[in-house]
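Asker: Take the sequence shown: its letter number 18 is residue 18 in UniProt numbering, and every next letter is one higher.
All C-beta atoms, glycine included, are put in the ideal place defined by N, C-alpha and C.
My questions all concern the structure below.
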Amino acid sequence: MALETCIAFLLADSYDVEDFLFFKKNANRKRRKIREDDKRDVFNAVLQSLTISDFKSHFQLTPSQTEDLVRLLAPCEWTAIREERWTVWHAVLASLWALSTQESYHSVANRFHITESLICDQLDEFCTFVSSHLANEIHWPQEEEAEMSVVGFFSNVGLPDTLCVVGTCFIPCEKPIDVPDPEAYKDPKGSYSVKLMAFCNHKGRFTYVSAEHPRNWPNSRILSATELGKALQEDPMALLHGKHIIGNSTFALSEHFLTPFPDYATLGQKKCAITRKCMAQGSIHTLRSCFQRLRCLQLHSVCQTSLAVKTCCILYNMFLETYNVPVDCIEDDVTQKPFHELPYGHSGSLGGISKRQDIAASLGRTTKKRKCMYN
Numbered sequence: 001m002a003l004e005t006c007i008a009f010l011l012a013d014s015y016d017v018e019d020f021l022f023f024k025k026n027a028n029r030k031r032r033k034i035r036e037d038d039k040r041d042v043f044n045a046v047l048q049s050l051t052i053s054d055f056k057s058h059f060q061l062t063p064s065q066t067e068d069l070v071r072l073l074a075p076c077e078w079t080a081i082r083e084e085r086w087t088v089w090h091a092v093l094a095s096l097w098a099l100s101t102q103e104s105y106h107s108v109a110n111r112f113h114i115t116e117s118l119i120c121d122q123l124d125e126f127c128t129f130v131s132s133h134l135a136n137e138i139h140w141p142q143e144e145e146a147e148m149s150v151v152g153f154f155s156n157v158g159l160p161d162t163l164c165v166v167g168t169c170f171i172p173c174e175k176p177i178d179v180p181d182p183e184a185y186k187d188p189k190g191s192y193s194v195k196l197m198a199f200c201n202h203k204g205r206f207t208y209v210s211a212e213h214p215r216n217w218p219n220s221r222i223l224s225a226t227e228l229g230k231a232l233q234e235d236p237m238a239l240l241h242g243k244h245i246i247g248n249s250t251f252a253l254s255e256h257f258l259t260p261f262p263d264y265a266t267l268g269q270k271k272c273a274i275t276r277k278c279m280a281q282g283s284i285h286t287l288r289s290c291f292q293r294l295r296c297l298q299l300h301s302v303c304q305t306s307l308a309v310k311t312c313c314i315l316y317n318m319f320l321e322t323y324n325v326p327v328d329c330i331e332d333d334v335t336q337k338p339f340h341e342l343p344y345g346h347s348g349s350l351g352g353i354s355k356r357q358d359i360a361a362s363l364g365r366t367t368k369k370r371k372c373m374y375n
């Protein structure tokens, strides 16, 4: 089925022609009621005039990326497709739409002329297939990629030997039924959520994500429970090759994981070098803007929630491949106690304290040198 015909079929709902023509800025037609076949014909004509940017604004991927995704997922065992005689095109486009909006599942189902249960079932299948078949879209930087990330961080923010940065946010869900302690996912207002912990390179591309642990766990505990955290603990040289990660004050300071000065707000400019502003938080903010379903997943399973989050992160990395989004450094909203204030916390390893001091001092010398050049 042609891409244009498929989308026209999927998106033809109770709106009239003028509602559809928002895709085409210069369109100037009067509102009138028309038959369903006429709607599809009109929408086909409009769709053919869509730019790549227009398409991406609704599905987040380009048409060519979407076609590649359909070809990749076509051999998968789609239960929903077999039962409802849908094509992979239907499933992929409807799933991309559902992930990109905060429309209720009922509204999405009405838009695509299918049942609400089918929308939910095929979205689960879509996330399962994407997270397994495209898992390598999220990978830890090695060799040339690692060097490019180090150079990029130094050029962008002036921090030397930085491989990745880490940020976190809460992803809401329903009360989970597949974990031993669902109350650990509950906030004081009675809502439930998992904690997304995301590592990014200098371009804001996700290099590692975890979204399965309780929102109430300290970040340091979540890191220790992840595969990345275990690798960092067991063999940091193999993981980082002498470089380091940067996070906020809720993590333990070490020579491999740098955090801000505890009293950075009262220190001089030189020691403000490593602050709570984080590129990872900017990527997470953009991720949730592109895939707004992350604000209202309404899933009762931590496993399914984690798969949905990972899928959106994979799609976000694909999104960055064809759309150069400037990722801003956003102030990190630290709601947890700093690591050194926890019962088991400490002020950091000697190697980490020394390395942080050296970087702050080198940045201070660089700042003075630049001032001299412009005076």
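1) Who does residue 214 pair with in a DSSP beta bridge?
2) Taking 8 Å as the threshold, find out whether the stretch 310-324 comes into contact with the stretch 233-246 through three or more Cβ pairs.
3) Would you mind giving the Cβ-Cβ distance between residue 206 and residue 283, rounded to the nearest angstrom? I have them listed as a contact below 8 Å.
4) For residue 59, list the residues DSSP reports as bridge partners.
5) Check whether the stretch 158-173 and the stretch 196-216 are in contact - that is, three or more C-beta pairs closer than 8 Å.
6) Assuming residue 172 is part of the beta strand (DSSP E), what are its boundary residues?
7) Give the range of the beta strand (DSSP E) segment to which residue 114 is assigned.
8) Pull up the DSSP beta-bridge partners for residue 228, would you.
9) Tell me the residue span of the beta strand (DSSP E) that contains residue 245.
10) Taking DSSP as the reference, what is the three-state secondary structure of residue 337?
11) Is it the case that the stretch 123-136 contacts the stretch 94-101, given that we only count it when at least three CB pairs across the two stretches are under 8 Å?
12) Could you tell me the distance, in whole angstroms, from the CA atom of residue 260 to the CA atom of residue 130?
13) Please state whether the Cβ-Cβ distance between residue 69 and residue 293 is less than 8 Å.
14) Nearest-angstrom Cα distance between residue 132 and residue 309?
15) Helix, strand or coil for residue 189? Go by DSSP, reduced to three states.
Answerer: So, from the listed chains and residues:
1) 194
2) no
3) 7 Å
4) Paired residue(s): none; residue 59 is not in a bridge.
5) yes
6) 162-173
7) No beta strand (DSSP E) contains residue 114, which DSSP labels as neither H nor E.
8) Per DSSP, none; premise fails for residue 228.
9) 244-246
10) coil
11) yes
12) 36 Å
13) no
14) 13 Å
15) coil
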